[in-house]
Amino acid sequence: MDVTLLVALVIALALIFDFTNGFHDTANAMATPIATGALKPKVAVAIAAVLNLVGAFLSTEVAKTISGGLIKEGSDGVQITPTLILAGLIGAIVWNLVTWLLGLPSSSSHALFGGLIGAAIVGAGFGAINSGVLVSKVLIPAVLAPLTAGLVSFLATKIAYGITRKRERDRFKIGQIFTSSLVSLAHGTNDAQKTMGVITLALIAAGVQPTGSGPAIWVIGACALAIAAGTYSGGWRIIKTLGRDITDIEPAQGFAAEAATTATILASSHLGFALSTTQVASGSVIGVGLGRKGASVRWGTAGRIALGWLITIPASGVVGALAAMLSQLGLWGVVLDVVLAMGAILTVYLIARKRRIDARHFTQPAPGVFVRPKRRKKKPAPTTGASSV
Amino acid sequence: MTIDWLAFLTVVVASLVSACLLVTLFAVGLRLSDGTAPWRRPVSIALFVVCGLVVVFGIYLIVPFLHP
Numbered sequence: 014m015d016v017t018l019l020v021a022l023v024i025a026l027a028l029i030f031d032f033t034n035g036f037h038d039t040a041n042a043m044a045t046p047i048a049t050g051a052l053k054p055k056v057a058v059a060i061a062a063v064l065n066l067v068g069a070f071l072s073t074e075v076a077k078t079i080s081g082g083l084i085k086e087g088s089d090g091v092q093i094t095p096t097l098i099l100a101g102l103i104g105a106i107v108w109n110l111v112t113w114l115l116g117l118p119s120s121s122s123h124a125l126f127g128g129l130i131g132a133a134i135v136g137a138g139f140g141a142i143n144s145g146v147l148v149s150k151v152l153i154p155a156v157l158a159p160l161t162a163g164l165v166s167f168l169a170t171k172i173a174y175g176i177t178r179k180r181e182r183d184r185f186k187i188g189q190i191f192t193s194s195l196v197s198l199a200h201g202t203n204d205a206q207k208t209m210g211v212i213t214l215a216l217i218a219a220g221v222q223p224t225g226s227g228p229a230i231w232v233i234g235a236c237a238l239a240i241a242a243g244t245y246s247g248g249w250r251i252i253k254t255l256g257r258d259i260t261d262i263e264p265a266q267g268f269a270a271e272a273a274t275t276a277t278i279l280a281s282s283h284l285g286f287a288l289s290t291t292q293v294a295s296g297s298v299i300g301v302g303l304g305r306k307g308a309s310v311r312w313g314t315a316g317r318i319a320l321g322w323l324i325t326i327p328a329s330g331v332v333g334a335l336a337a338m339l340s341q342l343g344l345w346g347v348v349l350d351v352v353l354a355m356g357a358i359l360t361v362y363l364i365a366r367k368r369r370i371d372a373r374h375f376t377q378p379a380p381g382v383f384v385r386p387k388r389r390k391k392k393p394a395p396t397t398g399a400s401s402v
Numbered sequence: 018m019t020i021d022w023l024a025f026l027t028v029v030v031a032s033l034v035s036a037c038l039l040v041t042l043f044a045v046g047l048r049l050s051d052g053t054a055p056w057r058r059p060v061s062i063a064l065f066v067v068c069g070l071v072v073v074f075g076i077y078l079i080v081p082f083l084h085p
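Those sequence lines, one after another, are chains A and B. According to the numbering used here, the first sequence is numbered sequentially starting from 14. According to the numbering used here, the second sequence is numbered sequentially starting from 18.
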């Protein structure tokens, strides 16, 4: 079929994926400041959007290596074609939307990898997949990421509550603004690049761009805008899960969680052990829930999230594989693929509209009042007490 | 399948130390800003400045062309 049309479709779907990536991951940085009232919901997503936009222009290192390793490409011919990339993207988009609908903070990168893996298996057989790389780069880190972040944020919470007294803790909110912004910036420098990498891969596979070249400037710009728009639209369902449903978060905990998330992400990206931002952020929230006396972690919610992580790669892989099978029918298969994908997007959108969750669902605690005030004992201070100490 | 456990351990230790350091600095800063003794305020401001520097270091780590 017409290569230009195919590449155009890949670019369009890649940008849609980038958009879902944006709203899926707003929660990583902004769930905790929204939960504690450090930032108003709309302000929080606006900051995250701007930082994602800026971050996308800062680096193209990840984009250059996106396809390296996981899917064997190149050497003995075309194993990954634009059609397969298209199928993989459909798998990733559909799974990202389903998890968003369920409010599950799952990793967008895993969805993308899963979709591409599924498509590659159909297109080129199981030989196309580096299973060793899959285990060591994706599965084991998925277990280690929340454990690490949880441990760090647990200790950070203990320290924060050990040092400060109750009436001082409200001002952790000021710190939260900075730490959550750091998480956002780090996210922007990483995630938009995955889409840039995919688009560049498609352009290279179609022979439009020379092998080994980096993303073109219009690709960088388009990806930056798509992820920023997605971030600004706010994945309120996931923000609710991460900020409200796992545990009740006070400002000191929010600060500890974001400090742990930032530290873990930066350490992992600079010391050569890649961890997923989403899993780190979720682990941090669980850690602060365990770290504050009197707080409780709703393990049912945490379990649902963990289950979501487990099935992300297989599920988006299955969708990607099905899309790849359809696309083997030729032009009409590809068209049918795209039509079905649009149908899926529309269906999820319509279901989501019925049970809307948006910025207005986040009634924030007034300054000085904690998330779940307990009955005060003696002092008639205007600030009702936290449940700890 | 090879896991670089040493790299992982480095990541754990580095994130543990840096996150706890930042939280400690900020928490002590908050604690000291809440008192009457004249020396407390400048010390707490100094601590917040150090926190700011930690954040700047974070930005330095995030932005690639600041560190070749």
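From the three backbone atoms N, C-alpha and C, an ideal C-beta is built for every residue, glycine too. Fair warning: this is a prediction, and the values are worked out from it, not measured in the lab.
I want to verify the contact list: residues of chain A whose CB lies under 8 Å from the CB of residue i, in sequence order.
| i | result |
| --- | --- |
| R57(B) | Under the 8 Å cutoff, chain A gives no residues; its nearest Cβ is about 12 Å from R57(B). |
| I76(B) | L195 and L198 |
Who are the neighbours of residue i on chain A, taking C-beta pairs under 7 Å?
| i | result |
| --- | --- |
| A31(B) | A280 and L284 |
| L39(B) | A272 |
| T27(B) | L284 |
| A44(B) | I172, A173, I176 and T177 |
Tell me which residue opens and which closes the alpha helix (DSSP H) that residue i is part of.
| i | result |
| --- | --- |
| P154(A) | I153 to I176 |
| S122(A) | S121 to A137 |
| L52(A) | Premise fails: L52(A) is in no alpha helix (DSSP H) and is neither H nor E. |
| I318(A) | W312 to S340 |
| S50(B) | W22 to S50 |
| P95(A) | P95 to L114 |
| A365(A) | L344 to K367 |
| P55(B) | Per DSSP, P55(B) belongs to no alpha helix (DSSP H) and is neither H nor E. |
Under 7 Å Cβ-Cβ, which residues of chain B neighbour residue i?
| i | result |
| --- | --- |
| T275(A) | G75 |
| V165(A) | S32, L33 and A36 |
| F191(A) | V72 |
| A169(A) | A36, C37 and V40 |
| L157(A) | F25 |
| R250(A) | Result: empty, since nearest Cβ-Cβ is about 27 Å, beyond 7 Å. |
| I153(A) | I20 |
| R184(A) | L47 |
Going along chain B in order, which residues have a C-beta closer than 8 Å to the C-beta of residue i?
| i | result |
| --- | --- |
| R305(A) | Simply none; closest approach about 13 Å. |
| T202(A) | I79, V80 and P81 |
| G188(A) | F43 and C68 |
| E181(A) | L47, R48, S50 and D51 |
| A269(A) | A36 and V40 |
| S295(A) | Residues of chain B passing the Cβ test: none, with the nearest at roughly 15 Å. |
Show which residues of chain B have a CB atom less than 9 Å away from the CB atom of residue i.
| i | result |
| --- | --- |
| F32(A) | Neighbours of F32(A) on chain B: none; closest Cβ ~22 Å, over 9 Å. |
| S72(A) | I79, V80, P81 and F82 |
| T161(A) | F25, V28, V29, S32 and L33 |
| A69(A) | Correct list: empty, because the minimum Cβ distance to chain B is about 12 Å. |
| I134(A) | Those do not exist, as I134(A) stays about 19 Å from chain B at its closest Cβ, beyond 9 Å. |
Give me the chain A residues within the contact set of residue i, using Cβ-Cβ distance strictly less than 9 Å, ordered along the chain.
| i | result |
| --- | --- |
| V62(B) | Per the sequence shown, the amino acid found at residue 62(B) is Ile instead of Val. Ordered by position in chain A, no residue passes the 9 Å Cβ test against I62(B), which lies about 13 Å from the chain. |
| L70(B) | Per Cβ cutoff of 9 Å: no residues; L70(B) is ~12 Å from chain A at best. |
Would you call the region 294 to 305 of chain A in contact with the region 262 to 276 of chain A, where contact means no fewer than 3 C-beta pairs closer than 8 Å? Enough Cβ pairs lie closer than 8 Å, so yes.
Between the region 27 to 38 of chain A and the region 248 to 255 of chain A, do three or more beta carbon pairs fall short of 8 Å? yes
Can at least three beta-carbon pairs, one atom from the region 39 to 55 of chain A and one from the region 184 to 198 of chain A, be found at a separation below 8 Å? yes
Jot down the residue ranges of each uninterrupted alpha helix (DSSP H) in the region 204 to 289 of chain A, minimum 4 residues, whole runs only, in chain order. Taken in chain order, the complete alpha helix (DSSP H) segments of 4 or more residues contained in the region 204 to 289 of chain A are 230 to 246, 249 to 253 and 264 to 283.
Spell out a yes or no on whether the region 153 to 162 of chain A and the region 22 to 37 of chain B are touching, meaning 3 or more CB-CB pairs, one atom from each, closer than 8 Å. yes
Is it a yes or a no for the region 196 to 204 of chain A touching the region 331 to 347 of chain A, going by three-plus beta-carbon pairs under 8 Å? Because the criterion of three Cβ pairs below 8 Å is not met, the region 196 to 204 of chain A and the region 331 to 347 of chain A do not touch.
Would you be able to state if there are at least three C-beta pairs under 8 Å between the region 110 to 125 of chain A and the region 287 to 299 of chain A? yes
Using 8 Å as the cut-off, can you tell me whether the region 238 to 245 of chain A makes contact with the region 352 to 371 of chain A, which would need three or more C-beta pairs spanning the two stretches below that distance? no
Indicate whether the contact test is met: 3 or more Cβ pairs, each with one atom in the region 35 to 47 of chain B and one in the region 176 to 187 of chain A, closer than 8 Å. A contact exists between the region 35 to 47 of chain B and the region 176 to 187 of chain A.
Does the region 340 to 358 of chain A come close enough to the region 18 to 31 of chain A to have 3 or more Cβ pairs within less than 8 Å? yes
Would the region 231 to 238 of chain A count as touching the region 99 to 108 of chain A if we require 3 or more Cβ pairs under 8 Å? no
contact_flag[the region 269 to 282 of chain A, the region 29 to 41 of chain B] where n(CB pairs < 8 Å) is 3 or more: yes
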